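**Student:**
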Amino acid sequence: MRATQIFGKTLREDPAEADSIGHRLLIKAGLVQQLTAGVYSYMPLALRAIHKIEKIVREEMDAAGGQEVQMPVLQPVELWRASGREQAFGQTLFHLLDRRERTLVLGPTHEEVITDLVRRNVRSYRDLPLLLYQIQTKLRDEARPRAGLIRVREFGMKDAYSFHAQPASLDEGYDRVVQAYKNIFQRCGLPVLVVEADSGAIGGKDSQEFMLIAESGEDEVIRCSSCDYAANLEKAKSRTRPLPAEEPRSLEEVATPGITSIPDLARFLGIPEAKTVKAVFYTCDGQPVFVSIRGDLEVNETKLKNFLKCQELRLSTEEEVRAAGLTAGYASPIGLKGIRRIADDSITLGSNFVVGANKPDTHLRNANYPRDFQVDDMLDIAKAAEGHECQRCGHPLRSTRGIEVGHVFKLGTVFTEAFGATFLDKDGVERPVIMGCYGIGIGRLLGAVVEQSHDDKGIVFPASVSPYSTYLVALNVDRQDVRRAAEELYDRLQAAGIDTLYDDREETAGVKFNDADLLGFPLRLTVSPRTIREGKVEFKSRTAAKPQMVPLEGAVEAARALLGGPTA
RNA sequence: CGGGGCGUAGCGCAGUUUGGUAGCGCGCCACGUUCGGGACGUGGAGGCCCCCGGUUCAAGUCCGGGCGCCCCGACCA
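Each number in our numbering comes from the position in the first sequence (counting from 1) with 527 added on.
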C-alpha cells in the first residue's frame, strides 16, 4: 500500500479526548475514529491488525478442535427471558421493536443462541463433545464506555462454547481452551496473567480471566509476591492474621461521644482497628442485611452478593437503617433481632472486640463471638488487599491493575437445563449437556497491545499483529533515481510476500520518520539520495537504537530474515 | 444514576466576563524555494459558533429548555 493512497492519516497534535496512552496512540496514528460514545470505526490500518489477530485466534481455536460458526446479532427477547438474563443484564441489554412490535435484543453475548442451536442438533452422547466458536459483533449498552477500545458498546468478540457429556470432559475441554488462549496471547506479544475470577450471578464453578497488567486497567488484581496465586479482587481470598489470644473479659459499656467511624473509634480508644467489629448495612432486593466484619477489613460485595443470590445489592440508605431499628455509627450485632445477620469469619480471629451498643455515643468493650452474639451465616466476605497474607503460602499479597482480555467459565448445566438441551447417554438416560464458555475481546486485544507496547515516539507493534511488517520510506521522491530505486524495492518486497506500507508522499524526512515511529511497524527501510549513492538501503528495526546499511540487491532477503519469513 | 467539565473550520484551541464585521496554530489547495527527524515564502479554500425557543436595533456571547461528548464515582455474564 502506498501512503499517498491509503485512507486515513496520522494526527500531528494529540487528540483531546483520550486519557490512556493506548487510546491516544490509536487515535493519533489514525487507526480508529469514534462515531459516538463507545462506538468506533476501524480504519484500514487498524483493520489489518484486527485481521491478523483474528487469524491467530482462528488458528489456535481450530487447533483446539473448534469449529467456526456465526450466530445472529438480532435475537428474540424470549430467549433471554427463558434464561432469566433479560433481568440479569438489565439496561445493558439493547432492546428494539420490529415493525410488528415484537421485541428483539441485540446480542451482548451468545450463550442463549448457541444453547438453542445445540438443543436442536445434539441428541446423543455420540454428538459430544463439541467446541463451537464465532467472531461476531457484540452490543452492550454500557453505563459508561471509556478508555478507547477497552470498554465500548459495540465490539468484536471471539466467543466459544463447549458442550460435554461428562464433567471430566468439560475439565479437559476447558484446559484445552485455556492453553489455546495462552498461545493466542503469547503470539500477540501480550504477557498475560491468568487469574481466578468471579463467575458472576449466573456463573458456574471455575472461572479464570486473562489479564494484561496495566496501570490503566479497569480491574484490580491481587497476586502473591511469592507463589503464583493471582485472582481478581472480586474473587480474591486472603488469610486474615489472628489476633493474640486473650482471656474473654466481661462486656462493658464505654462512652464514645461523636465517634462513628472505625478509624476514629480506634484512635479514641487507643486500640488497633482490628480490635473492633464493623457493622455494614446492605439492602438485598429490598431486604435489610446486617453484616459484621473485623474493623481492619472491608466487605467484598461480590462475595456477599454471590452468597445472597440477589439481583440488586447496595448499601442501605439512612432511612432504611433507621427503619430497621439500628443506630448508624453505633449499630451492634448484640441483641439484634428480626434482621438477617451475616458475618465475615474474621470475627472469630480475635477476642474482646469493641462493637456498637446500638444507642448513640456508646460502644461496648469485650464483645466475643459466639458468647455475646450470634449470626445467621458466617463465611468469607472480606476484601483481600495489598499486604494481606496469601492464603496458599502466607507471603504478602500485592495489588495491581489489569485489562481483562479473555475470560473462561465452566458454566455447567445452567443454560442447558433452562433450554432443555439434553442428550441420551450410553445407558439411554436423558441428561442435560454440560457447558463451558470462553471469550476474547478482539478490539480490546488491539487496544491492549497498543496500551502495552509503545515508547515516547509511538506504537511498537509486535510483528504478529502489526498492520504492515515494513514501512518503506523514500526521501526526495521528486528525484528520479530515488523514486526508481524505491519503487523497485517496493515491488520486490511485495513479490516476496513482505507486507509493506510505502511512504511515497512528498513530505520531509522528519514527517515520514515520525509517522513511521508513530505507527510502529517492526521494520523501517529508507531509500534516499544518500543511500542509493552507495547502492544501499537503510534498515532500522523499530526497537533498535541505530540503523544499519544493507546493499539494495540483498535487501529483500535481509528483510525476510529479519522478519522471520513472509509476512503478508 | 450522582458529581464535575466541555460543545466555535478536518484536528487542537482562543473569543463568552463587558452583546456590535468569527479568530489563531496545525492540516488542506496552488506556485516557488528547500530536502535525513514534524522546513520556509506567497496566494487561497474551508463556519448551522451543538439544537430549539426567548430577550435585544443587534446574540458565539445574555435567559430558558433540550441534545451530545469527556472525566470521577455507582454499574460492568
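Glycine is no exception: its CB is placed at the ideal position from the N, C-alpha and C atoms.
Please read all numbers here as calculations on a predicted model, not as lab measurements.
Contact between the stretch 942 to 961 and the stretch 1017 to 1033 is defined here as three or more beta-carbon pairs at a separation below 8 Å; is this criterion met?
**Tutor:** Short answer: they don't touch.
**Student:** What residue does the alpha helix (DSSP H) around Q706 start on, and which one ends it?
**Tutor:** Segment P694 to R714, the alpha helix (DSSP H) holding Q706.
**Student:** State the CB to CB distance for the pair V1054 and A1085, rounded to an integer number of angstroms; the pair is presumed to be in contact (CB under 8 Å).
**Tutor:** Contact flag wrong, Cβ pair sits at about 14 Å.
**Student:** Grab the span of the alpha helix (DSSP H) containing N833 for me, first residue to last.
**Tutor:** Here the alpha helix (DSSP H) through N833 covers E828 to L835.
**Student:** Between which residues of its own chain and D698 is the CB-CB distance below 6 Å, once the five residues before and five after are set aside?
**Tutor:** Excluding positions up to five away in sequence, the list is empty.
**Student:** For A884, count the other beta carbons within 10 Å of its own beta carbon; 16 or more makes it buried, fewer makes it exposed. Which is it?
**Tutor:** Per the 10 Å Cβ criterion, buried.
**Student:** Once DSSP output is grouped into helix, strand and coil, what is the label at Q602?
**Tutor:** Three-state DSSP puts Q602 in a strand.
**Student:** For A1001, list the residues DSSP reports as bridge partners.
**Tutor:** DSSP lists V1054 as partners of A1001.
**Student:** So who's on the other strand from Q560, going by DSSP bridges?
**Tutor:** Note: Q560 sits in a beta bridge opposite S568.
**Student:** Can you give me the start and stop residues for the beta strand (DSSP E) that Q661 sits inside?
**Tutor:** Counting along the chain, the beta strand (DSSP E) containing Q661 begins and ends at L657 to L666.
**Student:** Going by Cα to Cα distance, which pick from P815, S873, S819 and G856 is closest to A850?
**Tutor:** Checked all of P815, S873, S819 and G856; the closest Cα to A850 is P815.
**Student:** Following the continuous beta strand (DSSP E) through R750, name the residue where it begins and the one where it ends.
**Tutor:** Where R750 is concerned, the enclosing beta strand (DSSP E) stretches over D746 to C751.
**Student:** For the candidate residues C964, S819 and P1078, whose alpha-carbon lies nearest to that of D907?
**Tutor:** Out of C964, S819 and P1078, S819 has the C-alpha closest to the C-alpha of D907.
**Student:** Need the endpoints of the alpha helix (DSSP H) that Y1017 sits in, please.
**Tutor:** Note, Y1017: alpha helix (DSSP H), Q1007 to A1022.
**Student:** For E723 versus Q735, is the C-beta distance shorter than 8 Å?
**Tutor:** Yes, these two residues count as a Cβ contact at 8 Å.
**Student:** Between the Cα of A1144 and the Cα atoms of R1057, P1049 and V1064, which residue gives the shortest distance?
**Tutor:** What is shown of the chain runs 528 to 1095, which leaves residue 1144 out entirely.
**Student:** Measure the Cβ-Cβ separation of D546 and A674 and say whether it is below 8 Å.
**Tutor:** Contact: yes.
**Student:** Round the Cβ separation of L553 and C715 to the nearest angstrom and send it over; I've been treating them as touching at under 8 Å.
**Tutor:** Wrong, their Cβ atoms sit about 16 Å apart, outside the cutoff.
**Student:** From D541, Y708 and K536, pick the residue whose C-alpha is nearest to that of I969; which is it?
**Tutor:** Comparing Cα-Cα distances from I969 to each of D541, Y708 and K536, the minimum goes to Y708.
**Student:** Per DSSP, I986 forms a beta bridge with which residues?
**Tutor:** I986 is bridged to H981.
**Student:** Would you tell me roughly how many angstroms separate the C-alpha atoms of I986 and L924, rounded to the nearest one?
**Tutor:** Computed Cα separation, rounded: 32 Å.
**Student:** Nearest to V881 by alpha carbon, out of A530, G865 and Y857?
**Tutor:** Among A530, G865 and Y857, the Cα nearest to that of V881 is on Y857.
**Student:** Hey, quick one: how far does the beta strand (DSSP E) through V721 stretch, first residue to last?
**Tutor:** Start and end: V719 to E723.
**Student:** In this structure, how does DSSP classify G877 when only helix, strand and coil are distinguished?
**Tutor:** Note: G877 maps to coil in three-state DSSP.
**Student:** Could you give the residue range of the beta strand (DSSP E) that holds L1045?
**Tutor:** First-last for L1045: A1036 to L1046, but that is the alpha helix (DSSP H), not the beta strand (DSSP E).
**Student:** If we ignore side chains and look at the alpha-carbon of each, how far apart do S689 and H922 end up?
**Tutor:** Cα to Cα, the separation comes out at about 37 Å.
**Student:** Please state whether DSSP places N893 in a helix, a strand or coil.
**Tutor:** Residue state, collapsed to three classes: strand.
**Student:** Going straight from the alpha carbon of S859 to that of A793, what length do you get?
**Tutor:** Computed Cα separation, rounded: 16 Å.
**Student:** Indicate whether E639 and L606 have their beta-carbon atoms separated by less than 8 Å.
**Tutor:** It is a contact, given that the beta carbons lie within the stated cut-off.
**Student:** Following the continuous beta strand (DSSP E) through Q918, name the residue where it begins and the one where it ends.
**Tutor:** Q918 -> no beta strand (DSSP E), and no H or E assigned at all.
**Student:** How about R575 and P994: do their beta carbons lie closer than 8 Å?
**Tutor:** Contact: yes.
**Student:** Assign D983 to buried or exposed, taking buried as 16 or more other Cβ atoms, counted over all protein chains shown, within 10 Å of its Cβ.
**Tutor:** By the neighbour-count rule (16 or more Cβ atoms within 10 Å), D983 is not buried but exposed.
**Student:** Which two residues bound the contiguous beta strand (DSSP E) that contains I1025?
**Tutor:** Element bounds for I1025: n/a, residue is neither H nor E.
**Student:** Does the count of Cβ pairs from the stretch 886 to 898 and the stretch 769 to 785 closer than 8 Å reach three?
**Tutor:** Yes: at least three Cβ pairs fall under 8 Å.
**Student:** Apart from the five residues on each side of it in sequence, which residues of its chain come closer than 8 Å, Cβ to Cβ, to P599?
**Tutor:** Excluding residues within five positions, the ones whose Cβ falls inside 8 Å are G634 and V640.
**Student:** Do you know how far the Cα of V935 is from the Cα of G966?
**Tutor:** Cα to Cα, G966 sits roughly 6 Å from V935.
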